[in-house]
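Right, one structure below, let's go through it.
Number of protein chains: 2
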Amino acid sequence: MTPAPKEPQKTRELILSTALLLFAERGYFATSVQDIRRSADISIGSIYHHFDSKNAIARALYDDLLSRMTTVTQDAADMHTATKEKCRSIITALFAFSESDPLTMHFVLHARHREFLPEAMPICSTRPFELMREVIIAGIASGEVRQLDPIVASAVLFGGAVRLMHLALDGVLPRPIATYLEEIVETGWRAIAA
Amino acid sequence: MTPAPKEPQKTRELILSTALLLFAERGYFATSVQDIRRSADISIGSIYHHFDSKNAIARALYDDLLSRMTTVTQDAADMHTATKEKCRSIITALFAFSESDPLTMHFVLHARHREFLPEAMPICSTRPFELMREVIIAGIASGEVRQLDPIVASAVLFGGAVRLMHLALDGVLPRPIATYLEEIVETGWRAIAA
DNA sequence: GTCTATAATTTGATAGAC
DNA sequence: GTCTATCAAATTATAGAC
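Chains as they are written, first to last, in the numbering used here: chain G, 22 to 215; chain L, 22 to 215.
In structure tokens, the structure reads:
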């Protein structure tokens with residue numbers, strides 16, 4: 022049978038979504054290009070037509086997810102003026118993200134990006150995590166947050182939330198992560214509130 | 022020149038320490054048995070004499086580090102009776118561990134063990150992390166800790182500390198991790214104290 | 001733009017001498 | 001217990017027809 026020519030953009034998307042699924046499930050190194058080919062039901066040639074290498078697929082995924090996470094975090098912070106509300110909003114957005122797109126969040130939180138993208142910064146030095154620290158620093162400046170090392174304050178408040186997301190993605194949370202939202206925000210905030 | 026026969030235990034240790042170094046540096050999949058051979062300056066045959074497979078090396082490392090972390094955590098908790106002191110003691114021990122043996126801690130915190138040890142539990146379900154939750158649960162029962170979901174309380178207190186260890190291992194902490202000890206314990210405790 | 005076929009390497013692992 | 005030599009399979013990537 023003749024191969025049905027598909028729209029080019031669709032194939033590219035298919036490769037990316039298939040790769041994300043497999044990378045999240047087994048990790049980058051345990052996923053071969055053959056695995057992607059098989060799962061997506063396309064040919065090796067097609068994959069290499071759209072991407073230079075397996076690494077380029079991971080890079081495209083990484084760039085995309087980082088820009089999406091940055092947008093989500095930035096928008097969440099911009100929705101409010103009070104520091105506590107900014108923090109709640111960010112955590113809400115992250116929890117929502119991790120429920121609506123668990124594969125992407127899994128790839129963000131669990132993948133050792135530097136193992137296959139050597140020039141990638143540690144995830145905690147990327148823009149979304151910087152934004153969280155900036156919110157805390159502004160909160161300290163305005164007197165809403167205690168005089169703490171911003172690194173410590175971030176670690177407790179957002180680190181606690183991130184930890185919950187890890188647990189959720191590992192499948193060891195008894196309830197949906199959204200149900201922990203209020204408690205984690207209130208508990209974390211109590212730690213750092215002025 | 023004739024190969025100098027070494028004590029068997031020494032070779033085994035050498036293989037393990039070399040593998041730990043490489044696994045921590047590049048990850049399990051990015052490290053080949055050839056890499057281990059080259060780094061340890063021994064032969065392939067010697068490696069396969071001591072271990073059945075590359076996987077068996079990782080398993081041995083994993084079992085060892087888990088039992089050491091369990092001992093450290095258990096001992097730290099047993100040194101005190103008050104919940105806050107137990108928590109401080111555990112975090113102190115973990116920080117010390119991560120400074121005295123950063124490679125092992127890196128392997129614990131960063132490695133995606135389930136990628137290469139399919140039957141391994143998520144790291145947060147292992148004994149050391151269970152112990153931390155048990156301390157919190159006992160603290161709630163005794164009235165030292167507020168009536169919180171123990172998962173949330175653990176995430177904020179110990180998750181904050183674990184987050185700092187991640188930052189330290191990623192090399193983005195400006196000061197030695199030990200200098201953050203007091204602040205992270207006091208801040209985390211404030212979140213969950215009754 | 002998609003395909004099949006295959007090249008070039010590298011991988012984990014084994015055999016057998018010493 | 002350590003070594004060298006080697007295997008079979010899998011890997012990433014390319015070539016070239018359609």
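No residue lacks a Cβ here, since even glycine has one placed at the ideal position from N, Cα and C. These numbers come from a predicted model, not from an experiment.
- The beta carbon of C145 (chain L) falls within 7 Å of a beta carbon belonging to chain G, placing the residue at that interface.
- Close to D191 (chain L), with beta-carbon spacing below 7 Å, are these residues of chain G in chain order: P143, C145.
- Secondary structure in the stretch 28 to 69 of chain G: the alpha helix (DSSP H) runs of 4 residues or longer, each lying completely within the stretch, are 29 to 47, 54 to 61 in chain order.
- Contact of A45 (chain G) with chain L is not assigned, every C-beta pair being separated by 7 Å or more.
- Relative to T94 (chain G), the option among G:L115, G:A77, G:L82 whose CA is nearest is G:L115.
- Taking the beta carbon of E106 (chain G) as reference, no residue of chain L falls within 9 Å; the closest one sits roughly 18 Å away.
- Following the DSSP letters along the chain, one finds Q168 (chain L) in no alpha helix (DSSP H), marked with neither H nor E.
- DSSP assignment within the stretch 120 to 161 of chain G yields the following whole alpha helix (DSSP H) runs of 4 residues or more, N-terminal first: 123 to 131, 134 to 137.
- Considering only beta carbons, the part of the stretch 48 to 60 of chain L lying closer than 9 Å to chain G consists of G48, Y49, F50, A51, in chain order.
- Excluding five sequence positions before and after N76 (chain G), the CB atoms of its chain that fall closer than 7 Å to its own CB belong to F137, given in chain order.
- Taking 7 Å as the CB threshold, R148 (chain G) stays off the interface with chain L.
- Looking from the CA of S121 (chain G), the closest CA among G:A98, G:T32, G:L190, G:R80 belongs to G:L190.
- Of all C-beta pairs linking the stretch 176 to 185 of chain G to the stretch 129 to 143 of chain L, fewer than three are shorter than 8 Å, placing the two stretches out of contact.
- Listed in chain order, the non-local C-beta contacts of H101 (chain L) below 7 Å within the same chain comprise K107, S110, local neighbours out to five positions each way being set aside.
- Relative to the Cα of L87 (chain L), the nearest Cα in the group L:L43, L:V129, L:A40, L:Y201 belongs to L:V129.
- Sequence-ordered contacts of the stretch 151 to 183 of chain G with chain L read R167, L169, D170, I172, V173, A174, S175, A176, V177, L178, F179, G180, G181, A182, V183 [C-beta pairs closer than 9 Å].
- With at least 16 other beta carbons inside 10 angstroms of its own, I213 (chain G) counts as buried.
- If you draw a straight line from the Cα of M90 (chain L) to the Cα of V206 (chain G), it is about 30 Å long.
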